[in-house]
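S.K.: Here's a structure for you.
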Amino acid sequence: MSEKTWWGMNDLIAHTGKGRKWLKENVLEVPRYKQEIQEFSHYAENNNDRYVFVGSKMKKFLEDNFSRIMNNK
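Structural data, given as structure tokens:
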């Protein structure tokens with residue numbers, strides 16, 4: 052199966068092995084990451100909305116920032 056072009060939150064959870072709360076607290080809502088992530092994402096604006104990410108760009112972001120994210124730097 053080829054990799055999806057767009058990821059939802061469940062795809063992000065599957066690719067990282069981390070839960071929704073952890074991802075929001077340690078990646079998605081961290082100001083220094085959020086500004087960059089917003090360039091290739093749609094952030095959920097309310098409870099009826101969904102997060103959507105360009106899969107390849109999110110994967111690259113996570114790989115490039117792995118140490119900083121995991122060490123909370």
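Using the numbering used here, read the sequence shown as starting at 52 and increasing by one per residue.
Virtual Cβ for every residue (Gly too), placed ideally from N, Cα, C.
If you're wondering where the values come from, they're calculated on a predicted model, not measured in any experiment.
Please name the residue or residues paired with Trp73 in a DSSP beta bridge.
M.R.: DSSP lists no partner for Trp73.
S.K.: Hey, how far is the Cα of Asn77 from the Cα of Lys111?
M.R.: Their Cα atoms are separated by approximately 17 Å.
S.K.: Specify, as a first and last residue, the run of the beta strand (DSSP E) that Phe104 falls within.
M.R.: It spans Val103 to Val105 - the beta strand (DSSP E) in which Phe104 sits, taken as one unbroken run.
S.K.: Who does Ser118 pair with in a DSSP beta bridge?
M.R.: Answer is none; Ser118 lacks a bridge partner.
S.K.: Counting only the same chain and skipping the five closest in sequence on each side, list residues whose C-beta sits under 8 Å from that of Leu79.
M.R.: Here the set comprises Lys85, Ile88, Tyr94 and Tyr102.
S.K.: Any heavy atom of the ligand FAD within a distance shorter than 6 Å of the CB on Arg71?
M.R.: No copy of the ligand FAD occurs in the structure displayed, which carries no ligand at all.
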